[in-house]
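Here's the structure, in structure tokens; my notes come after.
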Amino acid sequence: MQTEPILEARDLTKHFVAGGAMSRQTVKAVQNVSIKLFPGKVTAVVGESGSGKSTVVRMLARLIEPTSGQMFFKQHNVLEDKGRRTLLSYRGQVQIIFQDPFSSLNPVHRVGYVLQRPLRIHHIANQKRQIQQRVHDLLQQVSLIPAADYAVKYPHQLSGGQRQRVAIARALAVEPKVILADEPVSMLDVSIRLGILNLMAKLRDEQRIAFLYVTHDIASARYFADELLVMYAGHAVEGGDTESLLQDPLHPYTQLLISAVPDPARGLRTAEIKIKGEIPSLTAVGDGCPFADRCPHVLPKCREAMPPATVLPGKRWVRCYLFDGK
Ligand SMILES: Nc1ncnc2c1ncn2[C@@H]1O[C@H](COP(=O)(O)OP(=O)(O)OP(=O)(O)O)[C@@H](O)[C@H]1O
Ligand SMILES: [Mg+2]
């Protein structure tokens, strides 16, 4: 029997209002995205720049309010409860790691202080000795050893990879159930990315943390993620088990995305597809499939309404009329 999701979003939608009073426009950043995160599993969100990945992360972290949709944490409908205490407890259990380890750490604070703060705010440790011990344990967990040396350093004395390890340790300080990692390795040197991915894989396996991993890099998603969710212009268009989705992408957009990754050994059947055009403006997307204008298989109904999700064997689903009714 499958375990329950720790965090589930249903039909999350975010519309931003942009522009001045005379030129007000609605940016449909995310539309009806559903996602389930499970303990000890990684779900990767892939998609081009501007497809809405970070907006999904910010809604799941409760940094911004969805325009509509529901979120369930341990089966509780979290958006119904807007109390300060509930929000603090939620943010403790659902942590976020950002892309840029240079701007996410305050330059005036030493590493030890960065890690003490969440311990105090969330009342995880109160006594000085207890706090110091916990800070050292956290630094050891992220392999910043000897911990005592790193605790007294300032962010500018650390490399990008070491800073990202501090950011991960800060997220771990509050013993989270979920970590939302928004392109956590994309600003790091290629040579140290694997170390950070392996650290997160260790936390997934040993602490059963549920990860959402946002990336542009299909190869790292393949390495790290159990499941994939493909986003295009604010919509989740396809999802499922990572290996089966990458071996056999169904949505024409997923095929395009994967064919952009050179991997001749795998002989993907998408190589010859030619797709023209650009991502549509999010202020102009209609009710149809946003990929219709670029899609080599477009049908008249694609421009009228977004297809429903067709659920397929092997935990796969796709939103495309080519598969509707199959
Ligand atoms: N506060 C905001 N006000 C108006 N528009 C916004 C706001 N935040 C995001 N957007 C728009 O929403 C869309 C989705 O942005 P988002 O940052 O979620 O994309 P992304 O998939 O994370 O892209 P990237 O890969 O470049 O990080 C973009 O068109 C962006 O300009
Ligand atoms: Mg982003």
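So the sequence shown is residues -8 to 317, counted in the numbering used here.
Think of the CB as a built atom: it goes at the ideal place given N, C-alpha and C, for glycine as much as any other residue.
Remark: the C-beta of F7 is in contact range of ligand 1, defined as less than 7 Å to any heavy atom. Within its own chain, the residues whose Cβ lies closer than 7 Å to the Cβ of L313, once the five positions on either side in sequence are excluded, are H288, listed in chain order. Here G277 carries a coil assignment [DSSP, helix/strand/coil]. By alpha-carbon distance to P57, the top candidate from A116, C293, T4, E166 is T4.
One alpha carbon belongs to E269, the other to L96, and they sit about 36 Å apart.
Among the bridge pairs identified by DSSP, A201 is matched with V169. If you look at G230, you'll find it in the beta strand (DSSP E) that goes 226 to 232. For the set L241, V133, I122, the Cα lying nearest the Cα of N189 is the one of V133. Set against 7 Å, the gap from the CB of S94 to the closest heavy atom of ligand 1 is not smaller. According to the DSSP assignment, R49 belongs to no beta strand (DSSP E) but to the alpha helix (DSSP H) extending over 44 to 51. Boundaries of the alpha helix (DSSP H) harbouring S250: 243 to 250, taken from the DSSP string. Under the 8 Å Cβ criterion, the stretch 39 to 46 does not count as touching the stretch 147 to 165, having fewer than three qualifying pairs.
Between ligand 1 and A20, a heavy atom-to-CB distance of less than 7 Å is present. No heavy atom of ligand 2 is found nearer than 7 Å to the CB of D91.
Shortest gap from the CB of H207 to any heavy atom of ligand 1: under 7 Å. Around the Cβ of Q124, a 10 Å sphere holds fewer than 16 other Cβ atoms; the residue is exposed. Ranked by Cα distance from T34, the first of G230, V24, A224 is G230. Here A0 is near V24, since their CB atoms are less than 8 Å apart.
For F93, there is no enclosing beta strand (DSSP E), as DSSP marks it with neither H nor E.
Annotated three-state conformation of L149 is coil, per DSSP.
Looking only at L110, V105, M178, E174, the smallest Cα-Cα distance to Y145 is reached by V105.
Using a C-beta cut-off of 8 Å, the stretch 174 to 193 makes contact with the stretch 88 to 102, since at least three inter-stretch Cβ pairs fall below that distance.
Close CB contacts of S59 within its chain, under the 6 Å cut and outside five residues either way in sequence, are with T4 (chain order).
Between the C-alpha atoms of P137 and G11 there is a straight-line separation of about 53 Å.
Partner residues in the beta bridge of Q61, as assigned by DSSP, are R1.
Pairing V302 with G277, the inter-Cα distance amounts to about 24 Å. At the C-beta level, K306 and D232 come within 8 Å of one another. For V102, the uninterrupted alpha helix (DSSP H) run begins and ends at 102 to 112, by DSSP. A distance of 8 Å or more separates the beta carbons of G31 and R285.
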